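One line per chain: the protein sequences are A and B, in this order.
Under the working numbering, the residues of the first sequence are numbered 2 to 243, in order.
Under the working numbering, the residues of the second sequence are numbered 2 to 243, in order.
The beta-carbon is built from N, C-alpha and C at its ideal position, and this holds for glycine as well.
Keep in mind that this is a model prediction, so the values were computed, not measured.
2 protein chains.
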Amino acid sequence: MPSPRPEVPSANHTDRPGLTRARIVATAVDLIDTEGVAALTMRRLGARLDVEAMSLYRYVNGREDLLEAVVDALVDTIEIPGPGQLQPIDGWQAFLQVLAHDVRRLALEHPAAFPLIATRHPAAPWLRPPLRSLRVVEAFLDGLRSRGFNDSQAVAAYRSFTSFLLGHLLLESAMQGADMSPAEEPLDEGDADLPNQDAELSLAEYPTLTRLRSALTEDHTEDEFEQALEHLLVRLDLELSQ
Amino acid sequence: MPSPRPEVPSANHTDRPGLTRARIVATAVDLIDTEGVAALTMRRLGARLDVEAMSLYRYVNGREDLLEAVVDALVDTIEIPGPGQLQPIDGWQAFLQVLAHDVRRLALEHPAAFPLIATRHPAAPWLRPPLRSLRVVEAFLDGLRSRGFNDSQAVAAYRSFTSFLLGHLLLESAMQGADMSPAEEPLDEGDADLPNQDAELSLAEYPTLTRLRSALTEDHTEDEFEQALEHLLVRLDLELSQ
DNA sequence: CGGGGCTCCCTTACGTTGTAAGTCGGACTG
DNA sequence: CAGTCCGACTTACAACGTAAGGGAGCCCCG
């Protein structure tokens, strides 16, 4: 039987750093961040690592597994507020505030990858994006439990919190990488004889929309996030005290 | 120059219904609903329509355009509450309640397609999923305006409402089609000598998780939706009156 | 010291995908 | 009846994911 994977291949005989699952995943994240998910191809990823596509299969169980690993790696960067970040006085509100902002950081640092985190089916049905790792959920529940929540309150908070994060951050990350993803060239006008319905023209039939267009374009995502988070905390507080 | 597309090809000389953009899109929706987005292939879609894949390109500008059309078609099924569905007495709260439930219907009727609605970049940056059509947004804003909202209140409500819907419905639709999507065969155990980390085993290090596992598995999505919606309405009411 | 076995990567190959380009029969228009 | 054009088919190609096997270097054990 094979030994359980040496885990330390010592020094590689060549100059290249040597492939690792971690290195592959990290490069994949980079590729997604810079060129979008569609550009994440086994061959292209191999090229970035100076390696043939097939070599990746020694460390990764196919493309699906790679995407899963990418999601897991990103979710694992979420830091659960420990005693270091929080004053002992601070309660669960501060705990959730800090956590929410760290997940937001994740979403804004990787806007192209966040849809992946949001939509890939987690391993267990009760793992809800974007808090979809055993470690994070355990720490979340423990964090609330140790700050006064009972079991069912903690579970309910997990559900509300994930819904909140998902809705806000998915929209925010979509705005972030709005034009990055298609990566299309300017598309030089083409034939001008067919009047392709431009955004401007089709707006004509929607007076309210035209009037509020500039208001709709304004970006208040940060304020909205803070406000909605604040309201969620208030709401949880209400449910706590009844 | 070509006439601007007859739009009515009259009777087709063959027995087949004849291709139409609408028919293509409808079949694509069906295919996604039954076999998942990954199964939506130009060739497979063509096969369902008894047509070669390339024939679709007369009506559809490639796969991306098809997906866009699918999303648009689904979003267009959203009904904005009109005078028919609402008593004249009912205010904006009833308006939003009815609308929210109709979007929820859409999500639950097409769980496999909802991630598409949620994550594809809308045409305009201020169109937010899942309310991402000019018609729907116009009606939304008008609906609130005619029920007492001023411009900026209506816009703010649009943002809160979309975030709320997106977070809740994406999670709910993911639960809905949890095992439908992969569509994998039972995967007959394979070699038993390597102990692949089962969900059970890896849970060992997470005591809180194991304890709350059954609570986490329970499905309260409907109650949560209603409650969160109720709270959103309360929150909007607060912002209205200040 | 030498050979067997390993780890790690490469090579080749196959089926499937999206789609560019050209073909061609029938039906309508003049 | 000739011309035009619509609407599907045919062919073709590059890029994709991945199955299968090969071979170079290193290590361990005799």
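For residue i, I'd like the list of residues in its chain whose CB is within less than 6 Å of its CB, leaving aside the five on either flank, ordered along the chain.
i	result
Thr163 of chain B	Arg129 and Leu132
Leu171 of chain B	Ala119
Ser174 of chain A	Ala108, Pro112 and Phe115
Gly178 of chain A	Pro112 and Ala113
Ala140 of chain B	Ile81
Ala27 of chain A	none
8 Å is my cut-off, CB to CB: does residue i come that close to chain A?
i	result
Tyr60 of chain B	no
Ala23 of chain B	no
His232 of chain B	yes
Gly168 of chain B	yes
Arg146 of chain B	yes
Arg49 of chain B	no
Name the chain B residues that come within less than 8 Å of residue i, Cβ to Cβ?
i	result
Asp143 of chain A	Thr209
Met176 of chain A	Pro126
Kindly indicate which three-state DSSP category residue i falls into: helix, strand or coil?
i	result
Arg129 of chain A	strand
His232 of chain B	helix
Thr78 of chain A	coil
Tyr159 of chain B	helix
Gly83 of chain B	coil
Val61 of chain A	coil
His111 of chain B	coil
Arg148 of chain A	coil
Thr120 of chain A	helix
Gly37 of chain B	coil
Leu50 of chain A	coil
Ser134 of chain B	coil
Glu219 of chain A	coil
Gln94 of chain B	helix
Gly168 of chain A	helix
Leu20 of chain A	coil
Starting from the beta carbon of residue i, find every residue of chain B whose beta carbon is closer than 9 Å, and list them in chain order.
i	result
Val52 of chain A	Within chain B, no residue comes near Val52 of chain A; the closest Cβ sits about 26 Å away, beyond 9 Å.
Thr218 of chain A	Ala125, Pro126 and Trp127
Glu139 of chain A	Glu206, Tyr207, Pro208, Thr209 and Leu210
I'd like to know whether the C-beta of residue i is nearer than 8 Å to at least one C-beta of chain B.
i	result
Thr163 of chain A	yes
Gly37 of chain A	no
Ala40 of chain A	no
Pro213 of chain A	Sequence inspection shows Leu at residue 213 of chain A; the Pro mentioned does not correspond to that position. Yes - at least one Cβ of chain B is within 8 Å of the one on Leu213 of chain A.
Ala229 of chain A	yes
Asp152 of chain A	yes
Leu135 of chain A	yes
Ser203 of chain A	yes
Quick one: what's got a C-beta closer than 7 Å to residue i's C-beta in the same chain, skipping five residues either side?
i	result
Arg44 of chain B	Ala54
Ala158 of chain B	Leu145, Phe150 and Leu237
Ala229 of chain A	Phe165 and His169
Arg6 of chain A	Annotation note: pLDDT 37 at Arg6 of chain A (below 50); position unreliable, no value reported.
Leu1 of chain A	Nothing about residue 1 of chain A can be read from this structure; chain A reaches only from 2 to 243.
Leu217 of chain B	none
Leu167 of chain B	Ala119, Pro130 and Pro131
Which residues in chain A have a C-beta closer than 9 Å to the C-beta of residue i? List them in chain order.
i	result
Glu225 of chain B	Ala157, Arg160, Ser161 and Ser164
Leu171 of chain B	Ala119, Thr120, Pro130, Ser164, Leu167, Gly168 and Leu171
In chain B, what lies closer than 7 Å to residue i by C-beta?
i	result
Gly83 of chain A	Per Cβ cutoff of 7 Å: no residues; Gly83 of chain A is ~16 Å from chain B at best.
If you drop the 5 nearest sequence neighbours on each side, which residues of the same chain put their C-beta closer than 8 Å to that of residue i?
i	result
Asp194 of chain B	Unreliable positioning characterises Asp194 of chain B in this predicted model, as indicated by a pLDDT of 36, which lies under 50. A coordinate reading is not provided.
Thr21 of chain A	Tyr60
Val30 of chain A	Val71, Ala74, Leu75, His111 and Ala114
Pro123 of chain A	Arg129, Pro130 and Arg133
Ser241 of chain A	Here residue 241 of chain A is Leu; the residue named in the question, Ser, does not match the sequence. If we look at Leu241 of chain A and ignore the five residues flanking it on each side, its Cβ neighbours are Gly149, Phe150 and Gln154.
Gln198 of chain A	Any reading at Gln198 of chain A must be qualified, since the residue scores a pLDDT of 43, below 50, and its modelled position is unreliable; the value itself is stated next. Nothing meets the Cβ criterion.
Can you determine whether any heavy atom of the ligand GDP sits closer than 7 Å to the C-beta of residue i, and answer yes or no?
i	result
Glu240 of chain A	For the structure depicted, the ligand GDP is absent and the ligand set is empty, with no information on it obtainable.
Could you work out which residues of chain A lie near residue i, taking near to mean beta carbons separated by less than 7 Å?
i	result
Arg236 of chain B	His232
Inset, instruction - Please list the residues of the region 65-81 of chain A that have a C-beta atom closer than 8 Å to any C-beta atom in chain B, keeping them in chain order. - result: none
Inset, instruction - Please list the residues of the region 105-122 of chain A that have a C-beta atom closer than 7 Å to any C-beta atom in chain B, keeping them in chain order. - result: Pro116, Ala119, Thr120 and His122
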